[in-house]
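Residue numbers (this note's numbering): 19 to 277.
Next up, the structure:
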């Protein structure tokens, strides 16, 4: 038990120092120790709490490492320990629980896994849902549902913790794509400065980089941005109706002969 506590202290320092490689080694040692924890109702509460603390740090480490796969694995391993703590006491919790739950909600929101997002909300207590860590993604989801993209983009400056920036960057890309889809069908052209403001870029250079990567059909000329009209679907005059009628009559005639 003492060794596990020492490893958790090491891991906490490594996460704070952004020492990802050392943190991974320490986390692996802790996961090996977790294999010794008895399963079932008789598991010691202190061991369960220590294991939860270790995996919470693992979640934060995976965010620092920009590793979504590791994030998902650590969350999956962490949830049974949260359930075990709740079975021991309804008030049992850990220092970073709300922080980690909020990050998990951000992950589900970015992946557009809204059914899982709402399922996770059902498991939260009123106190947990009201914390800044958890209320932040809840508010974001509501803003997305009503199309308040401007508020979502502005939220990037009000994250409850720097670790949320990892998911906000991905969410902002999704929102910008949605804004771009609306802009190109609503305007024939606009000033570059207006587009920078509307899409919340820091500079014209960022907007031009976005155009090169994702909107090759947009035309940048001087200080303006011109949108290509969307490709139209096939018109009725484009359908070879006479040929289709002739083919149908031919098939009917052949069928009549066979009968």
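Virtual Cβ for every residue (Gly too), placed ideally from N, Cα, C. The structure displayed is predicted, hence computed values, not measured ones.
Using 10 angstroms around the beta-carbon of residue 66, count the other beta-carbons present and answer buried if the total reaches 16, otherwise exposed. Residue burial annotation: residue 66 is buried, with at least 16 other C-beta atoms found within 10 angstroms of its C-beta.
Alpha carbon of residue 234 to alpha carbon of residue 164, nearest angstrom: 29 angstroms
Close Cβ partners of residue 40 (< 6 angstroms) along its chain, the five nearest in sequence each way excluded: 32
Nearest-angstrom beta carbon gap, residue 130 and residue 93 [assumed within contact, 8 angstroms]: Going by Cβ atoms, the distance from residue 93 to residue 130 rounds to 17 angstroms, so no, they are not a contact pair.
Pair every Cβ in the region 46-55 with every Cβ in the region 68-79, then say whether three or more of these pairs are closer than 8 angstroms. yes
Beta-carbon within less than 8 angstroms of residue 292's beta-carbon, same chain only, minus the 5 sequence neighbours each way: which residues are those? Because the chain spans 19 through 277 in this model, residue 292 falls outside it and cannot be assessed.
If you count every other CB in all the chains shown that lies within 10 Å of the CB of residue 71, and 16 or more means buried, which is it? buried
Can you tell me whether DSSP reads residue 244 as helix, strand or coil? In the displayed model, residue 244 falls within a strand according to three-state DSSP.
Return helix, strand or coil for residue 43, following the three-state DSSP convention. helix
Take the Cβ of residue 175 as the centre, count every other Cβ of all protein chains shown within 10 Å, and call the residue buried at 16 or more, exposed below. exposed
Please report the straight-line C-alpha distance between residue 36 and residue 178, rounded to a whole angstrom. Those two C-alpha atoms are separated by around 19 angstroms.
Counterpart residues of residue 207 in DSSP-defined beta bridges: 244
From residue 221 to residue 211, what does the alpha carbon distance come to, in whole angstroms? Separation of residue 221 and residue 211 (C-alpha to C-alpha, rounded to the nearest whole angstrom) is 8 angstroms.
Quick one: residues in its chain with C-beta nearer than 6 angstroms to the C-beta of residue 117, no 5 flanking neighbours on either side, listed in chain order? Residues of the same chain with a CB within less than 6 angstroms of the CB of residue 117, apart from the 5 flanking positions on each side, are 151 in chain order.
Just to check my reading of the structure: residue 162 and residue 218 have Cβ atoms closer than 8 angstroms, yes? What is that Cβ distance to the nearest angstrom? The Cβ separation is near 15 angstroms, so there is no contact.
Threshold first: 4 residues or longer. Then list the alpha helix (DSSP H) segments lying entirely within the region 138-204, N to C. 144-147, 150-163, 167-172 and 183-204
Could you tell me which of 124, 198 and 223 sits nearest to residue 244, measuring between CA atoms? Of the listed residues, the one whose Cα sits closest to residue 244 is 198.
Please classify residue 113: does DSSP put it in a helix, a strand, or coil? When secondary structure is reduced to three states using DSSP, residue 113 falls in the coil class, being assigned neither helix nor strand.
Tell me the DSSP secondary structure of residue 74 in three-state form. helix
Looking only at its own chain, which residues have a Cβ that is under 8 angstroms from the Cβ of residue 84, when we skip the five neighbours before and after it? Hits under 8 angstroms: 184.
Between residue 25 and residue 44, is the Cβ-Cβ spacing less than 7 angstroms? yes
Put residue 237 into one of helix, strand or coil per three-state DSSP. strand
Limits of the unbroken alpha helix (DSSP H) element including residue 221: For residue 221, no alpha helix (DSSP H) encloses it, and the DSSP letter there is neither H nor E.
Taking residue 131 as part of the alpha helix (DSSP H), name the residues at either end of that continuous run. For residue 131, there is no enclosing alpha helix (DSSP H), as DSSP marks it with neither H nor E.
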